[in-house]
Amino acid sequence: MMATLYTGGTIRTMTAPDATAEALLTDDRGRIVFVGGLDEARDRAGAMITVGGRKPQECDLAGACLMPGFIDSHSHFAGMGQRLTDADLAGCADFAEIGSRLTEFLAAHPLPQGGVLHGFNYDQNELAEGVHPDRHVLDSLLGDVPTVIAHVSGHVIVCNTALLRLIGLELDAEAPAGGVYGTDADGKLNGYFAETPAIMPILMHPAVMPSKSVEDLAEDIQNEYASHGITTCQDGATAPGYAERFVKLAEAHKLKLDLTCYPMMGQDLDAVFESVGSYASGGTSEGIQYLNHLRFGGVKLFVDGSPQARGAWLSEPYEPLPASANSSEPAGYRGAGILSDEAMRAFLDHALERGWKVMAHCNGDAASEQFLTQYTAAYHASTTLGKFDLRPVMVHCQLTRHDQYARMAAVHMIPSIFVSHCWFWGDAHIKNLGFARASRISAVHDALDYDLPFTFHTDSPIVPPDLIFAAWCAMTRVTKHGVQLDRSQCVGAWEAFSAITRNAAYQYGEEARKGTLEAGKIADLTILDADPLAASADSAEAAARVRERNVLATIKEGTTVWTA
Numbered sequence: 015m016m017a018t019l020y021t022g023g024t025i026r027t028m029t030a031p032d033a034t035a036e037a038l039l040t041d042d043r044g045r046i047v048f049v050g051g052l053d054e055a056r057d058r059a060g061a062m063i064t065v066g067g068r069k070p071q072e073c074d075l076a077g078a079c080l081m082p083g084f085i086d087s088h089s090h091f092a093g094m095g096q097r098l099t100d101a102d103l104a105g106c107a108d109f110a111e112i113g114s115r116l117t118e119f120l121a122a123h124p125l126p127q128g129g130v131l132h133g134f135n136y137d138q139n140e141l142a143e144g145v146h147p148d149r150h151v152l153d154s155l156l157g158d159v160p161t162v163i164a165h166v167s168g169h170v171i172v173c174n175t176a177l178l179r180l181i182g183l184e185l186d187a188e189a190p191a192g193g194v195y196g197t198d199a200d201g202k203l204n205g206y207f208a209e210t211p212a213i214m215p216i217l218m219h220p221a222v223m224p225s226k227s228v229e230d231l232a233e234d235i236q237n238e239y240a241s242h243g244i245t246t247c248q249d250g251a252t253a254p255g256y257a258e259r260f261v262k263l264a265e266a267h268k269l270k271l272d273l274t275c276y277p278m279m280g281q282d283l284d285a286v287f288e289s290v291g292s293y294a295s296g297g298t299s300e301g302i303q304y305l306n307h308l309r310f311g312g313v314k315l316f317v318d319g320s321p322q323a324r325g326a327w328l329s330e331p332y333e334p335l336p337a338s339a340n341s342s343e344p345a346g347y348r349g350a351g352i353l354s355d356e357a358m359r360a361f362l363d364h365a366l367e368r369g370w371k372v373m374a375h376c377n378g379d380a381a382s383e384q385f386l387t388q389y390t391a392a393y394h395a396s397t398t399l400g401k402f403d404l405r406p407v408m409v410h411c412q413l414t415r416h417d418q419y420a421r422m423a424a425v426h427m428i429p430s431i432f433v434s435h436c437w438f439w440g441d442a443h444i445k446n447l448g449f450a451r452a453s454r455i456s457a458v459h460d461a462l463d464y465d466l467p468f469t470f471h472t473d474s475p476i477v478p479p480d481l482i483f484a485a486w487c488a489m490t491r492v493t494k495h496g497v498q499l500d501r502s503q504c505v506g507a508w509e510a511f512s513a514i515t516r517n518a519a520y521q522y523g524e525e526a527r528k529g530t531l532e533a534g535k536i537a538d539l540t541i542l543d544a545d546p547l548a549a550s551a552d553s554a555e556a557a558a559r560v561r562e563r564n565v566l567a568t569i570k571e572g573t574t575v576w577t578a
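Just so you know, we're using this note's numbering here: the sequence shown kicks off at 15 and counts up by one.
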């Protein structure tokens, strides 16, 4: 890395809504050493002595905008591989198109002996049939080719008969606790599997694991994050066996972005943290450190499913499906939680005792209520020093209520809102929830009302890791089909971009080193083609243009890791 003086554009420090600087100077250790006026910056650069006696290079931004590197507050690093290796079924109009996409992919990527065909991103809300395919549909389309396809939510998979035969899953098997096995009229498995306890044993089966590993794909995955200006990313539900793989990546110096991992429930978490040794980093601000760009920062808890797959746990019923959908949902269907209150409380008591930050997947308001209630009880019962700094995270918050946001600050809880739902599934939510409830999904302004340091995430690979797009969604709240959702939940450019910089750094407990451009912090930077926080950015017209902003370069600790 070289010491660099950045000038000639807008430098958004994100320390205050109107805070800008003429120049920013970094040293050759990847730190910001000065932010301020150009004359003083040049004086300091001229006096700087660097390794090898080289003077700082000067980078003319040519009118572009320099900002803190973006921080993705929840995504799935390992899962990003499917965006690079699997058949993309996004936008399929019907079962036939799913079949044609899979067949075309298979022709272009022949399977090795014993291989499995993987597809992802189908959405039953966009299919003419209006329902999930089942194993019989896949059998008719793919024959005896073992096939598994993943719903766009990541909470449902569908397997054909050949796949079930390959892994030895009997057609009369019963679902594990917290999981769902779909069945035919005759009670046999129909190939539909929902929620983590049902899905993970299938996807983690040795015969089903993808042929390309996370080690093979790490460089491409990181480039995908960096192309969107992201300098800190996450593996938000580290599966069994993957902790050791991430450690090997770090020890081989193959991580160029910071990666925080959260091992998921359903495994021996104490053993996981013991196995990763010095890569385990405390959940409090005093204990946070990366080794070779990797740390394990807490644990992941699943509370419910997804609203677009009708798996989120609601306090009020879903809208009934049309009779043509042949639904097996009972009257008044509200989804369901994954854990009992007792099981969740035991998990949370243990996490607090160990000093682990908890990331909890909550989409429906009933799920939010369970997590908030049980965490509050565990928090007050805990005698753990430093529990005040653990900053638990409620992830997704699609239907979290105003009264629930009101209770978060008391236990230092942070809402990380999957606000891109407004665009991608706002129309599906209207169908599944009715307009009144759907209109207030991703209620960002409710979080703002209580001065909560809310963050935005992409849940990649569910959607691309585009945090600028997430900010645009929060500012506009428009669906893919052009429906305007509740405008009172919109926020301005300052609040939206704070969510992916300063607030996200706070969520990670890294506000002393990331999130704003200040002397002493690490030089995690992104350069955009124009300033998204321009004075008029809160007007409807300017807000609509935010999604047009492009990343020109991403700098991690003073080293350029991606350029357009």
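Note that CB positions come from ideal geometry on N, CA and C, so glycine has one too.
Helix, strand or coil for Glu343 per DSSP? coil
Glu532, enclosing alpha helix (DSSP H) - first and last residue: Taken as a continuous stretch (DSSP letters only), Glu532 belongs to no alpha helix (DSSP H), as it is neither H nor E.
Simplified DSSP state of Tyr464, which is helix, strand or coil: coil
Find out if the Cβ-Cβ distance for the pair Ala323, Ala381 is shorter than 8 Å. no
Under the three-state DSSP convention, the category Gly312 falls into: strand
Relative to the alpha-carbon of Ile455, which residue among Met427, Ala92, Gly113 and His416 has its alpha-carbon at the smallest distance? His416
How is the beta strand (DSSP E) around Arg149 delimited, first residue to last? Arg149 -> not in any beta strand (DSSP E); alpha helix (DSSP H) instead, spanning Arg149 to Leu156.
For Asn174, the nearest candidate out of Ala484, Val261, Ala554 and Leu183 (CA to CA): Leu183
Rounding to the nearest angstrom, what Cα-Cα distance links Ala61 and Asp272 in this structure? 31 Å
Given a cut-off of 8 Å, decide if Ala257 and Val606 are closer than it, judged by their beta-carbon atoms. A question about residue 606 goes unanswered here, because the residues of the chain that appear run from 15 up to 578.
Pairwise C-alpha distance: Thr117 and Phe109: 12 Å
Near His169, which residues of its chain fall below 7 Å by C-beta distance, leaving aside the five closest residues on each side in sequence? Ala208, Glu209, Gly319, Ser320, Ala323 and Gly325
Count the other CB atoms, across all protein chains shown, that sit within 10 Å of the CB of Phe402; report buried if there are 16 or more and exposed otherwise. exposed
Have a look at Asn517, Thr161, Pro406 and Tyr206 and flag the residue whose alpha-carbon is nearest the alpha-carbon of Ala176. Thr161
What does the Cβ neighbour count give for Met218, buried or exposed, with the cut at 16 atoms within 10 Å? exposed
Is it right to say Gly250 is buried, meaning 16 or more other beta carbons lie within 10 angstroms of its own, or is it exposed? buried
Taking 6 Å as the limit between beta carbons, can you name the residues of its chain near Gln281, skipping five residues before and five after? Pro254
Check whether the Cβ atoms of His88 and His471 lie closer than 8 Å to each other. yes
Per DSSP, what are the beta-bridge partners of Trp576 in this structure? Thr568
If you scan the segment 186-248 from start to end, which runs of the beta strand (DSSP E) of 3 or more residues do you find wholly inside it? 194-197 and 203-208
Inter-residue Cα distance where the pair is Ser474 and Gly67: 43 Å
Opening and closing residue of the alpha helix (DSSP H) in which Val261 lies: Tyr256 to Glu265
Taking the beta strand (DSSP E) that Phe48 belongs to, which residues open and close that run? Ile46 to Gly50
Under 8 Å between the Cβ atoms of Thr530 and Thr99? no
Nearest to Leu141 by alpha carbon, out of Gly113, His123 and His132? Gly113
In this structure, what does DSSP give as the bridge partners for Phe109? DSSP lists no partner for Phe109.
Quick test of your reading: Ile431 and Phe84, contact by CB under 8 Å. State the CB separation rounded to the nearest angstrom. About 15 Å separates the two Cβ atoms, so there is no contact after all.
For Ile482, which three-state DSSP category applies? helix
Simplified DSSP assignment, three categories, for Ile163: strand
Whole-angstrom C-beta distance between Thr18 and Thr40, which should lie under 8 Å: 5 Å
Taking Val458 as the reference, give the member of Ser329, Gln412, Glu525 and Lys570 with the closest Cα. Gln412
For Ala189, I'd like the list of residues in its chain whose CB is within less than 7 Å of its CB, leaving aside the five on either flank, ordered along the chain. Tyr195 and Ala212
According to DSSP, is Val492 part of a helix, a strand, or is it coil? strand
Beta-bridge partners of Pro429, as assigned by DSSP: Met408
Taking the alpha-carbon of Ala510 as reference, which of Leu462, Val497 and Ala537 has the nearest alpha-carbon? Leu462
Check the C-beta distance from Glu10 over to Asn237 and give it rounded, since I have them as a contact under 8 Å. With the chain represented from 15 up to 578, any question about residue 10 goes unanswered, as that position is not in the structure.
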